[in-house]
Amino acid sequence: MCQVCVLGYETILRGNVVMTDNIKLYMAPMEGLTVHTFRNAWNEFYGGADKLFTPFIAAEGSRKMKSREKRDILPENNKGVYVVPQIISNNAENFIRFARILKDYGYDEVNLNLGCPSGTVVAKHKGSGFLGKPLELNRFLDAIYSELTDMKVSVKTRIGLIDPDEIYELMKIYNSYPIYELIVHPRIRTDYYKHEPRMEHFRYIYENSSNPLCYNGNVYTVEDYKKIVEEYPEITGVMFGRGLIRNPELIAWIRKNKSSIDMANLRSYHDRIYKQYKESIDTEQVVVFKMKEIWCYMLDLFEDEDGNYRRLLNNSKFLSEYGAFVNRIFANGVIKE
């Protein structure tokens, strides 16, 4: 074991895994996926995340929190985990009102969504669409940080709407406020989730941010994590999105220096989520659709050169068909090397 100190951050190499004790590990918010049923199942079977972020809550007009949003943040549905509710809004008054509602439920930390690339969201100048209006964004941040002095407000952002060089102006804005943690996905909105993250721009953010900085984007393996923490040892956190849906053991691998899938545990984890969906959703096609969302990522764990598993999954519309797919892949599937 080799132990070195980089810029005051103690980095320990254990085998082929880099563990940086100061770096926190987070579950990213993913719309329709990382709701409380999913988070609780994941935490029971795997766990290890320092924080789990909710899918965004839309703070609009005078409306109240939707029933599904309320269920997702109720303390009784989030026992034993540190949950951070995420809010999407371009109206400071609405954001503050919803933050206060969440504080009444016991949350002292909320997250602002400035990253969602959805067309319907961006058309309303929310999510990553808000990045295209820097003057309005500056006024918005000034209002929420002036008012919410008793709460921790973090920001999850992309580096721009249509041009990565937008980040230079955005960083001037971000550095003007006491952002609890700046979580950066180094893509622009029009990248969606394609192409490689724009790491040259993340390097600029890393070298110039006056706020704590968390990295998010394309961390699928322990090697991906290792590369990030070696290159950017002073970041405060790494957030896992699609990589953690793909391999729910990823954070455990990082924390425990493991590198093999426990198939029996993966089956039990799957079955817990599946059971909860069947109990809470009336229409079986919707249940299958929800499970397909997970398998969209998790199927990549398995060898499938001829595409048979993917075809079987894609052709599943009812529970009986989906059950046949599940039984087959867990009985005969081979995990990729």
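If you read the sequence shown in the working numbering, its first letter stands for residue 1410, the second for the next number, and so on. The beta-carbon is built from N, C-alpha and C at its ideal position, and this holds for glycine as well. Here the structure is a predicted model, which is why all the values come from computation and not from measurement.
Asked	Found
The region 1474–1488 / the region 1725–1744 touching (three or more Cβ pairs under 8 Å)	no
Straight-line gap, N1666 to A1501 (C-alpha atoms, nearest Å)	43 Å
First through last residue of the alpha helix (DSSP H) which encompasses S1677	1672–1689
Beta-carbon proximity check, A1437 vs N1625, cutoff 8 Å	yes
First and last residue of the uninterrupted beta strand (DSSP E) at G1569	1561–1569
Of the residues K1684, D1713, A1468, G1456, the one placed nearest G1732, counting alpha carbons only	K1684
CA nearest to the CA of R1548, picked from S1585, K1533, E1640, A1532	S1585
Segment limits, beta strand (DSSP E) that includes R1596	1591–1597
R1598 versus E1643, P1587, F1507, V1530, residue with shortest Cα-Cα distance	V1530
Beta-ladder partner(s) of I1497, from DSSP	A1467
Simplified DSSP assignment, three categories, for L1557	coil
Outcome for N1723 when other beta-carbon atoms lying within 10 angstroms are tallied against a minimum of 16	exposed
Opening and closing residue of the beta strand (DSSP E) in which Y1641 lies	Note, Y1641: premise wrong, no beta strand (DSSP E); not H, not E.
Boundaries (first-last residue) of the alpha helix (DSSP H) holding C1705	1693–1707
Proximal residues to F1677 (C-beta, below 8 Å), its chain only, five neighbours per side dropped	Note on residue identity: the sequence assigns Ser, not Phe, to residue 1677. The residues are F1454.
Where the beta strand (DSSP E) through M1608 begins and ends	Counting along the chain, M1608 falls outside any beta strand (DSSP E), though it belongs to the alpha helix (DSSP H) covering 1608–1617.
At least three beta-carbon pairs within less than 8 Å, the region 1641–1651 to the region 1617–1631	yes
Residue ranges of each alpha helix (DSSP H) within the region 1483–1548, 4 or longer	1501–1513, 1528–1532
Cβ neighbours of N1674 in the same chain (closer than 7 Å, five flanking residues each side left out)	F1454
D1600, buried or exposed, once every other Cβ within 10 Å from all chains shown has been counted against 16	buried
Bounding residues of the beta strand (DSSP E) (the contiguous stretch that carries M1436)	1433–1436
Classification of E1640 by the beta-carbon crowding that lies within 10 angstroms, buried from 16 upward	exposed
Residues sharing a beta bridge with M1648, DSSP	Y1435, N1625
Assigned secondary structure, I1588 (DSSP; H/G/I helix, E/B strand, else coil)	coil
Other residues of its chain near W1451: CB distance less than 6 Å, five sequence neighbours each side excluded	P1657
Nearest-angstrom Cα separation, counted from H1534 out to G1456	35 Å
Nonlocal neighbours in the same chain, by C-beta distance under 8 Å from L1416, ignoring five residues either side	At L1416 the pLDDT is 32, less than 50, meaning the model places this residue with poor confidence and gives no usable figure here.
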